[in-house]
Amino acid sequence: MSTKFQFKIEETVRKTRLDNFLCEEITVVSKIYLRNLLKKEICTVNGLVKSGGYHLQKGDLVELEVDVSVETAMKPERIPLEIVFEDEEIIVVNKPAGLLIHPTSAQKTGTLLNALAYYLNRENVNLNGICKLVRPGLVHRLDRLTSGLVVAAKTARALKILSNHFERRLVKKKYLAIVGGILKNDAGTIDAPIGRPEETTHWNVTADGKPALTHYKVLERFSDKTLLELEPVTGRTNQLRIHCAHLGHPIIGDSAYRGREFSRLCLHAKQLSFFHPANNVWMELQSEIPAEMKNDYLEN
1494 MSTKFQFKIE
1504 ETVRKTRLDN
1514 FLCEEITVVS
1524 KIYLRNLLKK
1534 EICTVNGLVK
1544 SGGYHLQKGD
1554 LVELEVDVSV
1564 ETAMKPERIP
1574 LEIVFEDEEI
1584 IVVNKPAGLL
1594 IHPTSAQKTG
1604 TLLNALAYYL
1614 NRENVNLNGI
1624 CKLVRPGLVH
1634 RLDRLTSGLV
1644 VAAKTARALK
1654 ILSNHFERRL
1664 VKKKYLAIVG
1674 GILKNDAGTI
1684 DAPIGRPEET
1694 THWNVTADGK
1704 PALTHYKVLE
1714 RFSDKTLLEL
1724 EPVTGRTNQL
1734 RIHCAHLGHP
1744 IIGDSAYRGR
1754 EFSRLCLHAK
1764 QLSFFHPANN
1774 VWMELQSEIP
1784 AEMKNDYLEN
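First residue of the sequence shown: 1494, per my numbering; consecutive thereafter.
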(Lines of atoms letter the chains of each structure in order from A and count residues from 1; the text may use other names and numbers.)
(Lines give C-alpha, C1' and ligand atoms only; values in the text may rest on other atoms or scores of the structure.)
Protein backbone atom coordinates (compact mmCIF):
# COMPACT_ATOMS: atom_id res chain seq x y z
CA MET A 1 0.00 0.00 0.00
CA SER A 2 2.37 2.69 -1.22
CA THR A 3 1.18 6.28 -1.58
CA LYS A 4 3.01 9.27 -3.08
CA PHE A 5 2.55 12.55 -1.21
CA GLN A 6 3.12 15.96 -2.83
CA PHE A 7 2.97 19.34 -1.09
CA LYS A 8 3.35 22.85 -2.51
CA ILE A 9 4.61 25.06 0.30
CA GLU A 10 2.65 28.21 1.09
CA GLU A 11 3.77 31.32 2.97
CA THR A 12 2.11 30.14 6.21
CA VAL A 13 4.55 27.24 6.67
CA ARG A 14 7.69 29.00 5.41
CA LYS A 15 10.74 28.33 7.63
CA THR A 16 9.11 25.23 9.16
CA ARG A 17 11.43 22.23 9.44
CA LEU A 18 10.74 19.55 6.83
CA ASP A 19 10.38 16.77 9.41
CA ASN A 20 7.92 18.75 11.53
CA PHE A 21 5.89 19.67 8.44
CA LEU A 22 5.59 16.07 7.23
CA CYS A 23 4.66 14.78 10.69
CA GLU A 24 1.86 17.33 10.77
CA GLU A 25 0.55 16.66 7.25
CA ILE A 26 0.91 12.87 6.92
CA THR A 27 -1.23 11.25 9.59
CA VAL A 28 -1.59 7.72 8.21
CA VAL A 29 1.72 6.55 9.70
CA SER A 30 3.57 7.33 12.92
CA LYS A 31 5.94 10.24 13.35
CA ILE A 32 8.87 7.95 14.14
CA TYR A 33 8.33 6.08 10.86
CA LEU A 34 8.34 9.36 8.91
CA ARG A 35 11.52 10.55 10.60
CA ASN A 36 13.19 7.23 9.78
CA LEU A 37 12.16 7.66 6.13
CA LEU A 38 13.86 11.05 6.05
CA LYS A 39 17.08 9.46 7.27
CA LYS A 40 16.98 7.16 4.23
CA GLU A 41 17.22 10.23 1.95
CA ILE A 42 14.16 9.48 -0.15
CA CYS A 43 12.31 12.76 0.40
CA THR A 44 12.90 15.44 -2.23
CA VAL A 45 12.32 19.18 -2.27
CA ASN A 46 12.28 20.66 -5.77
CA GLY A 47 13.81 17.39 -7.01
CA LEU A 48 16.72 17.40 -4.54
CA VAL A 49 17.06 15.10 -1.53
CA LYS A 50 16.69 17.02 1.75
CA SER A 51 17.12 16.04 5.39
CA GLY A 52 14.54 16.56 8.11
CA GLY A 53 16.28 19.70 9.32
CA TYR A 54 15.75 21.57 6.04
CA HIS A 55 13.74 24.77 6.51
CA LEU A 56 10.96 25.05 3.94
CA GLN A 57 10.61 28.04 1.63
CA LYS A 58 7.53 29.39 -0.09
CA GLY A 59 7.03 27.63 -3.43
CA ASP A 60 8.97 24.48 -2.49
CA LEU A 61 7.61 21.22 -3.90
CA VAL A 62 7.93 18.39 -1.37
CA GLU A 63 7.59 14.79 -2.60
CA LEU A 64 7.70 11.58 -0.58
CA GLU A 65 6.51 8.02 -1.21
CA VAL A 66 5.22 6.23 1.87
CA ASP A 67 4.26 2.59 2.41
CA VAL A 68 1.22 3.38 4.51
CA SER A 69 0.74 -0.23 5.65
CA VAL A 70 4.31 -1.05 6.68
CA GLU A 71 3.71 -0.41 10.36
CA THR A 72 0.97 -3.00 10.58
CA ALA A 73 3.41 -5.86 9.79
CA MET A 74 3.62 -6.46 13.53
CA LYS A 75 2.79 -9.07 16.10
CA PRO A 76 -0.99 -8.86 16.63
CA GLU A 77 -2.34 -8.59 20.16
CA ARG A 78 -5.66 -9.71 21.56
CA ILE A 79 -6.93 -6.37 22.84
CA PRO A 80 -10.71 -5.84 23.19
CA LEU A 81 -12.29 -3.65 20.52
CA GLU A 82 -15.65 -1.87 20.48
CA ILE A 83 -16.68 -2.16 16.84
CA VAL A 84 -19.17 0.43 15.62
CA PHE A 85 -19.23 -0.59 11.94
CA GLU A 86 -17.51 -3.14 9.74
CA ASP A 87 -17.78 -4.47 6.20
CA GLU A 88 -15.34 -5.87 3.62
CA GLU A 89 -13.68 -2.48 3.04
CA ILE A 90 -13.51 -0.62 6.35
CA ILE A 91 -13.80 -0.97 10.11
CA VAL A 92 -14.78 1.78 12.56
CA VAL A 93 -14.01 1.36 16.26
CA ASN A 94 -14.66 3.35 19.41
CA LYS A 95 -11.21 3.96 20.89
CA PRO A 96 -10.99 4.32 24.67
CA ALA A 97 -9.00 7.13 26.24
CA GLY A 98 -5.45 6.02 27.04
CA LEU A 99 -5.02 3.70 24.04
CA LEU A 100 -2.29 4.67 21.57
CA ILE A 101 -3.20 4.62 17.89
CA HIS A 102 0.08 3.13 16.65
CA PRO A 103 3.51 2.16 18.04
CA THR A 104 6.09 4.78 18.97
CA SER A 105 9.73 4.61 19.96
CA ALA A 106 8.65 4.51 23.60
CA GLN A 107 5.80 2.01 23.22
CA LYS A 108 5.83 -0.65 20.52
CA THR A 109 2.94 -2.81 21.74
CA GLY A 110 -0.52 -2.43 23.21
CA THR A 111 -1.80 -0.06 20.51
CA LEU A 112 -4.93 0.12 18.38
CA LEU A 113 -2.98 -1.14 15.36
CA ASN A 114 -1.85 -4.22 17.31
CA ALA A 115 -5.48 -4.85 18.25
CA LEU A 116 -6.74 -4.42 14.68
CA ALA A 117 -3.98 -6.65 13.31
CA TYR A 118 -5.18 -9.43 15.60
CA TYR A 119 -8.90 -8.90 15.03
CA LEU A 120 -8.71 -8.78 11.24
CA ASN A 121 -6.56 -11.91 11.12
CA ARG A 122 -7.89 -13.79 14.13
CA GLU A 123 -8.56 -16.92 12.08
CA ASN A 124 -5.24 -16.77 10.23
CA VAL A 125 -2.63 -15.96 12.87
CA ASN A 126 0.09 -18.63 12.95
CA LEU A 127 1.66 -20.15 16.05
CA ASN A 128 4.26 -17.38 16.26
CA GLY A 129 1.55 -14.73 16.25
CA ILE A 130 2.70 -13.22 12.96
CA CYS A 131 0.06 -11.54 10.87
CA LYS A 132 0.03 -12.80 7.26
CA LEU A 133 -3.11 -11.43 5.65
CA VAL A 134 -5.16 -8.27 6.19
CA ARG A 135 -3.07 -5.27 7.27
CA PRO A 136 -5.24 -2.42 8.60
CA GLY A 137 -4.52 1.03 7.27
CA LEU A 138 -5.31 3.97 9.53
CA VAL A 139 -6.25 7.16 7.70
CA HIS A 140 -6.35 9.57 10.65
CA ARG A 141 -5.23 9.90 14.26
CA LEU A 142 -6.72 10.46 17.66
CA ASP A 143 -4.53 11.55 20.55
CA ARG A 144 -3.82 8.90 23.14
CA LEU A 145 -5.83 10.89 25.69
CA THR A 146 -8.85 11.34 23.39
CA SER A 147 -11.58 8.72 23.06
CA GLY A 148 -13.96 8.13 20.18
CA LEU A 149 -14.41 7.02 16.59
CA VAL A 150 -11.53 5.88 14.39
CA VAL A 151 -11.85 4.43 10.88
CA ALA A 152 -9.35 2.01 9.35
CA ALA A 153 -9.17 0.61 5.83
CA LYS A 154 -9.12 -3.14 5.23
CA THR A 155 -8.18 -2.93 1.54
CA ALA A 156 -5.68 -0.95 -0.52
CA ARG A 157 -8.54 0.63 -2.48
CA ALA A 158 -10.31 1.82 0.66
CA LEU A 159 -7.07 3.19 2.09
CA LYS A 160 -6.31 5.20 -1.04
CA ILE A 161 -9.82 6.65 -1.33
CA LEU A 162 -10.25 7.50 2.36
CA SER A 163 -6.78 9.05 2.57
CA ASN A 164 -7.71 11.26 -0.37
CA HIS A 165 -11.02 12.23 1.26
CA PHE A 166 -9.29 13.20 4.51
CA GLU A 167 -6.71 15.23 2.59
CA ARG A 168 -9.49 17.08 0.73
CA ARG A 169 -11.41 17.64 3.99
CA LEU A 170 -14.45 15.72 2.76
CA VAL A 171 -14.64 13.86 6.07
CA LYS A 172 -16.58 15.59 8.84
CA LYS A 173 -15.76 15.10 12.52
CA LYS A 174 -17.57 16.27 15.64
CA TYR A 175 -16.33 16.09 19.21
CA LEU A 176 -17.75 16.47 22.69
CA ALA A 177 -15.67 18.47 25.16
CA ILE A 178 -16.20 19.55 28.74
CA VAL A 179 -14.43 22.84 29.34
CA GLY A 180 -13.87 24.93 32.44
CA GLY A 181 -16.02 28.00 33.02
CA ILE A 182 -19.20 29.26 31.39
CA LEU A 183 -19.19 30.31 27.73
CA LYS A 184 -21.35 33.36 27.06
CA ASN A 185 -21.99 32.78 23.35
CA ASP A 186 -24.16 29.86 22.25
CA ALA A 187 -21.98 29.22 19.19
CA GLY A 188 -18.99 30.62 17.39
CA THR A 189 -15.83 30.02 15.39
CA ILE A 190 -12.25 30.00 16.63
CA ASP A 191 -9.91 31.21 13.89
CA ALA A 192 -6.39 31.09 15.33
CA PRO A 193 -3.22 29.81 13.58
CA ILE A 194 -1.29 27.01 15.26
CA GLY A 195 2.46 26.54 15.19
CA ARG A 196 5.42 25.33 17.21
CA PRO A 197 8.33 27.69 17.89
CA GLU A 198 11.76 26.24 17.13
CA GLU A 199 12.89 26.39 20.75
CA THR A 200 9.93 24.36 22.11
CA THR A 201 8.13 21.07 21.54
CA HIS A 202 4.80 22.61 22.52
CA TRP A 203 2.19 23.47 19.88
CA ASN A 204 0.19 26.64 20.49
CA VAL A 205 -1.47 29.64 18.84
CA THR A 206 1.23 31.62 17.04
CA ALA A 207 1.06 34.58 14.68
CA ASP A 208 3.07 32.76 11.99
CA GLY A 209 1.41 29.37 12.48
CA LYS A 210 -0.67 27.37 10.02
CA PRO A 211 -4.34 28.34 9.56
CA ALA A 212 -6.61 26.54 12.03
CA LEU A 213 -10.39 26.81 12.23
CA THR A 214 -12.83 25.27 14.73
CA HIS A 215 -16.61 25.73 15.04
CA TYR A 216 -18.16 25.31 18.48
CA LYS A 217 -21.68 25.07 19.90
CA VAL A 218 -22.80 25.08 23.53
CA LEU A 219 -24.84 21.97 24.35
CA GLU A 220 -25.32 22.57 28.07
CA ARG A 221 -24.09 24.94 30.77
CA PHE A 222 -23.38 23.91 34.34
CA SER A 223 -22.38 25.87 37.44
CA ASP A 224 -18.67 25.92 36.63
CA LYS A 225 -18.29 24.11 33.30
CA THR A 226 -19.74 23.87 29.79
CA LEU A 227 -20.45 20.92 27.50
CA LEU A 228 -19.43 21.80 23.93
CA GLU A 229 -19.76 20.30 20.49
CA LEU A 230 -16.59 21.01 18.51
CA GLU A 231 -16.21 20.69 14.74
CA PRO A 232 -12.66 21.13 13.41
CA VAL A 233 -12.43 22.41 9.85
CA THR A 234 -8.66 21.94 9.75
CA GLY A 235 -6.69 19.17 11.43
CA ARG A 236 -3.71 20.67 13.26
CA THR A 237 -1.90 18.90 16.07
CA ASN A 238 -3.83 19.33 19.35
CA GLN A 239 -6.10 21.81 17.56
CA LEU A 240 -9.19 21.43 19.73
CA ARG A 241 -7.22 21.49 22.97
CA ILE A 242 -5.28 24.58 21.88
CA HIS A 243 -8.34 26.42 20.58
CA CYS A 244 -10.37 25.82 23.75
CA ALA A 245 -7.48 27.10 25.85
CA HIS A 246 -7.13 30.10 23.52
CA LEU A 247 -10.82 30.81 24.07
CA GLY A 248 -10.12 30.98 27.80
CA HIS A 249 -11.91 27.70 28.52
CA PRO A 250 -9.39 24.83 28.51
CA ILE A 251 -10.67 21.27 28.32
CA ILE A 252 -11.09 19.56 31.69
CA GLY A 253 -8.21 17.16 32.34
CA ASP A 254 -5.86 18.88 29.90
CA SER A 255 -2.83 19.63 32.06
CA ALA A 256 -0.74 20.62 29.01
CA TYR A 257 -3.03 23.56 28.26
CA ARG A 258 -4.00 24.65 31.79
CA GLY A 259 -7.11 22.50 32.07
CA ARG A 260 -8.70 21.68 35.41
CA GLU A 261 -7.44 18.42 36.95
CA PHE A 262 -9.43 15.27 36.23
CA SER A 263 -8.80 11.54 35.73
CA ARG A 264 -8.92 11.85 31.92
CA LEU A 265 -9.04 14.39 29.11
CA CYS A 266 -12.71 15.28 28.61
CA LEU A 267 -12.57 15.15 24.81
CA HIS A 268 -14.48 12.54 22.80
CA ALA A 269 -14.80 12.04 19.02
CA LYS A 270 -18.56 11.50 18.90
CA GLN A 271 -19.35 11.61 15.16
CA LEU A 272 -17.54 10.60 11.99
CA SER A 273 -19.15 11.27 8.61
CA PHE A 274 -17.68 10.24 5.26
CA PHE A 275 -18.37 8.77 1.84
CA HIS A 276 -18.01 4.99 1.85
CA PRO A 277 -14.97 4.15 -0.32
CA ALA A 278 -16.77 1.35 -2.21
CA ASN A 279 -20.26 2.69 -2.96
CA ASN A 280 -19.90 6.43 -2.22
CA VAL A 281 -22.83 6.34 0.23
CA TRP A 282 -22.64 9.10 2.86
CA MET A 283 -22.24 7.55 6.31
CA GLU A 284 -22.76 9.18 9.70
CA LEU A 285 -21.52 7.12 12.64
CA GLN A 286 -22.13 8.08 16.26
CA SER A 287 -20.59 7.32 19.65
CA GLU A 288 -22.15 8.19 23.00
CA ILE A 289 -20.32 10.26 25.59
CA PRO A 290 -18.15 7.93 27.73
CA ALA A 291 -19.53 6.99 31.14
CA GLU A 292 -16.56 8.42 33.04
CA MET A 293 -17.11 11.83 31.42
CA LYS A 294 -20.85 11.79 32.03
CA ASN A 295 -21.18 10.06 35.39
CA ASP A 296 -17.98 11.15 37.11
CA TYR A 297 -17.96 14.75 35.98
CA LEU A 298 -21.11 16.12 34.38
CA GLU A 299 -23.40 14.70 37.06
CA ASN A 300 -21.21 15.86 39.96
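Ideal Cβ positions, reconstructed from N, Cα and C, are used throughout, including at glycine.
Owing to the predicted nature of the structure, the values given are computational and were not obtained by experimental measurement.
query                                                                                                                                                               : result
Is the CB-CB distance between K1703 and V1506 below 8 Å?                                                                                                            : yes
Measure the CB-CB distance between F1500 and L1663 and report whether it falls below 8 Å.                                                                           : no
Between the region 1739–1753 and the region 1645–1652, are three or more C-beta pairs nearer than 8 Å?                                                              : no
How many angstroms separate the CA atom of D1679 from the CA atom of L1606?                                                                                         : 38 Å
Taking only beta-carbon positions, decide if S1748 is within less than 8 Å of chain B.                                                                              : The chain inventory of the structure shown lacks chain B, comprising one protein chain alone.
Determine whether the beta carbon atoms of I1576 and I1584 lie at a separation below 8 Å.                                                                           : yes
Compute the beta-carbon to beta-carbon distance between V1538 and V1555, rounded to the nearest angstrom, for a pair I have assumed lies under 8 Å.                 : 5 Å
Is the beta carbon of D1747 less than 8 Å from the beta carbon of R1729?                                                                                            : no
Tell me whether D1512 sits in a helix, a strand or coil according to DSSP, three-state version.                                                                     : helix
Go ahead and label Q1779 buried or exposed: buried means 16 or more other beta carbons lie within 10 angstroms of its beta carbon, across all protein chains shown. : exposed
Can you tell me which of Y1526, T1707, N1731 and G1641 puts its alpha carbon nearest to the alpha carbon of T1694?                                                  : N1731
When you compare only the Cα positions, how much space is there between E1504 and L1791?                                                                            : 43 Å
What's the call for G1641, buried or exposed, on a 16-neighbour Cβ count within 10 Å?                                                                               : buried
To which residues of the same chain is K1787 closer than 6 Å at the C-beta, ignoring the five residues directly before and after it?                                : none
For L1620, which residues of its own chain have a beta-carbon under 7 Å away from its beta-carbon, when the five flanking residues on both sides are left out?      : Bear in mind that the predicted position of L1620 carries a pLDDT of just 39, short of 50, making it too unreliable to give a figure here.
Between E1831 and L1765, what straight-line distance do the alpha-carbon atoms span, to the nearest angstrom?                                                       : Residue 1831 is absent from the structure shown; the chain starts at 1494 and stops at 1793.
So what's A1649 in DSSP terms, helix, strand or just coil?                                                                                                          : helix
Quick one: which unbroken alpha helix (DSSP H) runs of 4-plus residues sit fully inside the region 1633–1711? Chain order, please.                                  : 1649–1660
For E1724, I'd like the list of residues in its chain whose CB is within less than 6 Å of its CB, leaving aside the five on either flank, ordered along the chain.  : K1667 and H1708
Any idea what DSSP makes of N1773, helix, strand or coil?                                                                                                           : coil
Among residues of its own chain, excluding the 5 on either side of K1508, which ones have a beta-carbon nearer than 6 Å to its beta-carbon?                         : H1548
Please confirm whether L1638 and L1758 have their CB atoms less than 8 Å apart.                                                                                     : yes
Apart from the five residues on each side of it in sequence, which residues of its chain come closer than 6 Å, Cβ to Cβ, to C1624?                                  : Confidence at C1624 is low in this model, with a pLDDT of 45, below 50, so its placement is unreliable and no value can be given for it.
Can you check which of these residues, E1691, K1710, N1657 and V1698, is closest to G1681 by C-alpha distance?                                                      : K1710
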